[in-house]
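Visitor:
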């Protein structure tokens with residue numbers, strides 16, 4: 002993962018913003034896909050995360066990897082995001098302009114497994130989702146604990162519970 | 090599938106995303122400019138407008154008190170209402186300060202606690218403001234004076250005054266009871282739960298649940 006030094010921020014904020022969104026757009030996709038069930042909520046959450054990244058960029062602390070920082074911002078927005086049930090009112094409409102576009106058919110060979118994986122994540126509570134997402138990204142337990150501000154043993158218990166749920170699901 | 094297999098699939102998925110995903114740059118530009126419309130900013134703008142409104146009320150009431158100075162019911166009423174308007178103004182300024190403090194790049198728990206502080210602050214200001222309900226006659230006395238130029242209190246009989254004072258006492262008891270009950274732990278009560286959601290929003294309930302989820306270590 003790339004570390005962005007504060008010195009790199011001397012380029013204008015606008016350019017930096019576009020650069021980090023372009024480089025790490027996958028983070029936003031994975032978080033919105035995990036936290037929202039319908040695409041209207043996903044689009045709203047994407048907008049909210051992008052707005053918050055723009056807003057928080059001024060206070061970016063280079064003690065963090067940019068990916069960790071983005072994860073923190075995006076997870077905080079996703080957890081506190083108010084999900085309005087728009088599935089009914091927008092039942093017959095489609096979003097013409099999406100901020101992030103990705104067709105899961107591009108992963109044809111893994112498509113079904115991926116859908117199942119996202120289904121499994123969406124069944125977890127918001128905090129367990131955050132733990133699992135960071136775990137899947139390869140963060141170690143102490144990094145996850147620091148991002149959530151809980152103890153490492155708490156993280157370990159949560160991961161154990163997620164493994165249990167996964168086993169039950171597979172059985 | 091176990092967690093390790095899941096992790097390896099996730100890594101492949103992440104690589105694929107970086108390769109194949111596209112960002113709508115023109116829309117991103119548009120939304121960036123609109124970032125002022127983010128939920129947090131909307132709340133700050135709403136609180137600022139409310140603060141301005143409370144400031145106008147405080148200013149107008151002081152103006153009235155100074156211009157009509159004397160120990161009359163309308164002036165005393167204006168003074169009482171002024172205290173509540175100041176509470177409202179201070180409460181809104183406090184909300185703006187708390188909202189400005191929110192930093193989404195902090196740890197999840199810290200951010201949740203900051204967000205809960207905003208919602209709880211809202212609830213506490215509401216509790217202080219509803220303390221004005223037992224003093225409802227202050228609104229009536231001041232309204233009569235401003236609209237009809239009549240000091241209603243001086244025209245009331247002793248019996249009427251006692252009747253209104255008794256109603257105020259009943260309201261006082263009800264308000265104290267409500268304030269004591271309006272706590273997150275009493276959300277199971279239908280009326281309290283409804284009022285709690287109306288005042289502090291469903292979000293406080295959700296955020297409190299999230300912090301509980303963070304702290305929970307056993308299944």
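Chains as they are written, first to last, in the working numbering: chain A, 2 to 172; chain B, 90 to 308. Even for Gly, the Cβ is constructed at its ideal location relative to N, Cα and C.
1) Please return the same chain residues whose Cβ sits closer than 6 Å to the Cβ of residue 214 of chain B, not counting the five positions on each side in sequence.
2) Near residue 24 of chain A, which residues of its chain fall below 6 Å by C-beta distance, leaving aside the five closest residues on each side in sequence?
3) Checking contacts by CB at 9 Å: is residue 195 of chain B closer than that to chain A?
4) For residue 101 of chain B, which residues from the same chain have a beta carbon less than 8 Å from its beta carbon, with the 5 sequence-adjacent residues on both sides left out?
5) Looking at residue 260 of chain B and residue 242 of chain B, is the spacing between their C-beta atoms short of 9 Å?
6) If the cut-off is 8 Å on Cβ atoms, which residues from the stretch 90-122 of chain B count as contacting chain A, listed in chain order?
7) For residue 15 of chain A, tell me which candidate among A:136, A:57, A:69 and A:115 has the shortest Cα-Cα distance.
8) With a threshold of 6 Å on Cβ separation, who are the neighbours of residue 139 of chain B within its own chain once the five nearest residues in sequence on each side are excluded?
9) Could you name the residues of chain A that residue 303 of chain B contacts, counting a contact when the two beta carbons are closer than 7 Å?
10) Name the residues in the stretch 178-210 of chain B whose C-beta lies less than 8 Å from a C-beta of chain A; which are they?
11) Does the beta carbon of residue 116 of chain A come closer than 9 Å to any beta carbon on chain B?
12) Got a sec, what are the start and stop residues for the alpha helix (DSSP H) residue 109 of chain B sits in?
13) For the candidate residues A:114, A:139 and A:80, whose alpha-carbon lies nearest to that of residue 68 of chain A?
14) Nearest to residue 299 of chain B by alpha carbon, out of A:79, A:115 and A:111?
15) For residue 286 of chain B, tell me which candidate among B:248, B:177, B:208 and B:256 has the shortest Cα-Cα distance.
16) Determine the burial state of residue 5 of chain A: buried for a count of at least 16 other Cβ atoms within 10 Å of its Cβ, exposed for fewer.
17) Under 8 Å, with one C-beta from each stretch per pair, do the stretch 116-126 of chain A and the stretch 104-117 of chain B reach the 3-pair mark?
18) Return the CA-CA distance between residue 44 of chain A and residue 141 of chain A, expressed in angstroms with no decimal places.
19) Tell me the DSSP secondary structure of residue 239 of chain B in three-state form.
20) Where DSSP assigns a beta bridge to residue 102 of chain A, which residues make up the other side?
21) Which two residues bound the contiguous alpha helix (DSSP H) that contains residue 249 of chain B?
22) Please state the DSSP three-state secondary structure of residue 66 of chain A.
23) Note down, in chain order, every chain A residue with its Cβ under 7 Å from the Cβ of residue 296 of chain B.
24) Applying a beta-carbon distance threshold of less than 7 Å, which residues of chain A neighbour residue 299 of chain B?
25) Going by DSSP in three states, residue 299 of chain B sits in which element: helix, strand or coil?
26) Just checking my contact of residue 201 of chain B with residue 296 of chain B at CB under 8 Å: how many whole Å lie between their CB atoms?
27) Against chain B, with Cβ distances strictly below 9 Å, would residue 138 of chain A count as a contact?
Guide: Inspection of the coordinates gives the following:
1) 180
2) none
3) yes
4) none
5) no
6) Listed in chain order, the positions of the stretch 90-122 of chain B with a beta carbon within less than 8 Å of a beta carbon of chain A are 90, 91, 92, 95, 96, 98, 99, 100, 101, 102, 103, 105, 106, 107, 109, 110, 111, 112, 113, 114, 116, 117, 120 and 121.
7) A:57
8) Beyond the five residues adjoining it in sequence on each side, residue 139 of chain B comes within less than 6 Å, by CB distance, of 181 in the same chain, given in chain order.
9) 128, 149 and 151
10) 192, 193, 194, 195, 196, 197, 198, 199, 200, 201 and 204
11) no
12) According to the DSSP assignment, residue 109 of chain B belongs to the alpha helix (DSSP H) that extends over 92-109.
13) It is A:139 whose Cα lies nearest to the Cα of residue 68 of chain A.
14) Restricting attention to A:79, A:115 and A:111, the CA atom closest to the CA of residue 299 of chain B is found in A:79.
15) B:208
16) Confidence at residue 5 of chain A is low in this model, with a pLDDT of 49, below 50, so the placement of that residue should be treated as unreliable; the coordinate-derived value is given next. Under this definition residue 5 of chain A is a buried residue.
17) no
18) 30 Å
19) coil
20) B:111
21) 247-270
22) Correct three-state label for residue 66 of chain A: coil.
23) Ordered by position in chain A, the residues that pass the 7 Å Cβ test against residue 296 of chain B are 81.
24) 80, 127 and 128
25) DSSP places residue 299 of chain B in the helix class (H, G or I) of the three-state scheme.
26) 5 Å
27) yes
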